[in-house]
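In this note's numbering, the protein residues as written are 28 to 414.
Accompanying notes for the structure given below.
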């Protein structure tokens, strides 16, 4: 009697391939979710712009009437829906409606209908399309459209950048760089336009958008009224919390103001890791933490933060803000104050005398990083022993 052949064992799965496939799936899904939210948000903002313009048309003095409307709307919508409805934002929505008029939107929607299908109620009016249908007309993000409206000088230039952004899948960073480098003008003057468009459309390092970037777009977070206090890594988050405690432990000079404070300069968004007020110097102290080596761009960005804070966050009786850049690079911690923007050398010297010594900050930064990394290694070892 022959024994039955045992079933063959399943082939060993390549875990690396499975893991990579799932990661790619989730990142694609998150990007798609962000695109969907962005499209609906953009369509909503176009509709808000339409309602503002139509309401304004009933006023006698449009400029005065319109500004009063925006201020009242801003206060009421902010109270009901949170951030994202300042007067400047509402003005952008009004401009969006005027830049993309309803007749063009209706034509675009009709072209997107399936062959033989009729518009709702068999009329081409924009009012007969719902928000999901309207969202199909705006394939770029709201941030893209803000740049296109605010930074281009003609309808032709705007149409060029819009078409190239769609064709090349440009991120906002890439669009911002291309507009800043006058890519449109250079393309018009180029003898070989096709070659220039192909080469110029290639993204540079740092311009590609990750799934996290797409989900954490500040405009999307505002639209959904979500908090955006986040750090890019557990190490960075832990360092920021320890730095906050350390500065408060130094004495009564430092008063905590905020963490991950967001600011907008032109159409770009930034965050400062920590914001303190120094009671003796009577000034804000802006702290930015880096996990990599210090660069000239980091210093320039800190001066940008200080200029913004001086204009928007500083009270009339306070002194100019000071910046502190902390680099927690493994094995080479660095602390540097940004004092170049102060009115005179006497004030800069006073700041340096009163503020914590950079060597003290560097030592604490290096010590904290080593302690945190040691804890991570210990936790990892304990987890492996428990398996």
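Note that the Cβ used here is the ideal one computed from N, Cα and C, for glycine as well.
Just so we're clear, the structure is a prediction, and the values are computed from it rather than from any experiment.
Helix, strand or coil at residue 320 [DSSP, three-state]: It is coil, neither helix nor strand.
Same chain only: Cβ atoms within 7 Å of residue 117, ignoring 5 sequence neighbours per side: Residues of the same chain with a CB within less than 7 Å of the CB of residue 117, apart from the 5 flanking positions on each side, are 79, 97, 100 and 101 in chain order.
Cβ-based neighbour list, residue 113, same chain, cut-off 6 Å, excluding 5 preceding and 5 following: Closer than 6 Å at the Cβ level, and outside the excluded window around residue 113, lie 101.
For residue 203, the first and last residue of its enclosing alpha helix (DSSP H): Residues 199-207.
DSSP state of residue 295 mapped onto helix, strand, coil: Correct three-state label for residue 295: strand.
Bridge partner(s) assigned by DSSP for residue 305: For residue 305, which the question treats as bridged, DSSP gives the partners 281 and 310.
Beta-bridge pairing of residue 78 - partner residues as DSSP gives them: In the DSSP output, where bridge partners are listed per residue, residue 78 has none listed.
Pairwise C-alpha distance: residue 110 and residue 104: Those two C-alpha atoms are separated by around 9 Å.
Secondary structure of residue 349, DSSP reduced to three states: Strand.
Option in 312, 94, 63 and 125 with minimal Cα separation from residue 77: Nearest C-alpha to residue 77: 125.
Where residue 287 sits in the DSSP three-state scheme: Residue 287: strand per DSSP, three-state reduction.
7 Å Cβ shell around residue 308 - same chain, five flanking residues per side excluded: Contacts found: 346, 378 and 381.
Three-way DSSP call (helix, strand, coil) for residue 185 in this model: Helix at residue 185.
Run of the alpha helix (DSSP H) containing residue 376, from where it starts to where it stops: That run of the alpha helix (DSSP H) goes 372-381.
Sub-8 Å separation of residue 351 and residue 364 beta-carbons: Yes.
Sequence-distant residues of the same chain with beta carbon closer than 8 Å to residue 66, five excluded per side: Here the set comprises 162, 163, 165 and 166.
CB of residue 68 within 8 Å of CB of residue 199, strictly: No, the pair does not count as a contact, with Cβ atoms beyond the cut-off.
7 Å Cβ shell around residue 375 - same chain, five flanking residues per side excluded: Excluding residues within five positions, the ones whose Cβ falls inside 7 Å are 366 and 369.
Contacts around residue 326, its chain only, beta-carbon distance under 8 Å, and the 5 residues preceding and following it disregarded: So the qualifying residues of the chain are 352, 363 and 365.
Assigned exposure category for residue 41 - 16 Cβ within 10 Å defines buried: Per the 10 Å Cβ criterion, exposed.
Contact under 8 Å by Cβ, residue 263 with residue 316: One thing to note: residue 263 has its Cβ within 8 Å of the Cβ of residue 316.
Cβ-based neighbour list, residue 70, same chain, cut-off 7 Å, excluding 5 preceding and 5 following: A distance below 7 Å between beta-carbons, with the five flanking residues on each side excluded, links residue 70 to the following residues of its chain, in chain order: 158, 161, 162 and 165.
Status (buried if at least 16 other CB within 10 Å, exposed otherwise) for residue 343: So residue 343 ends up on the exposed side.
Among 269, 319 and 314, nearest to residue 284 - alpha-carbon criterion: Nearest C-alpha to residue 284 among 269, 319 and 314: 314.
For residue 315, the residue or residues it bridges with in DSSP: Its beta-bridge partners are 352.
Residue 384 to residue 396 span [Cα, whole Å]: Approximately 19 Å, taken between the alpha carbons.
Residue of 177, 130, 204 and 82 minimising C-alpha distance to residue 122: The candidate whose alpha carbon is nearest that of residue 122 is 177.
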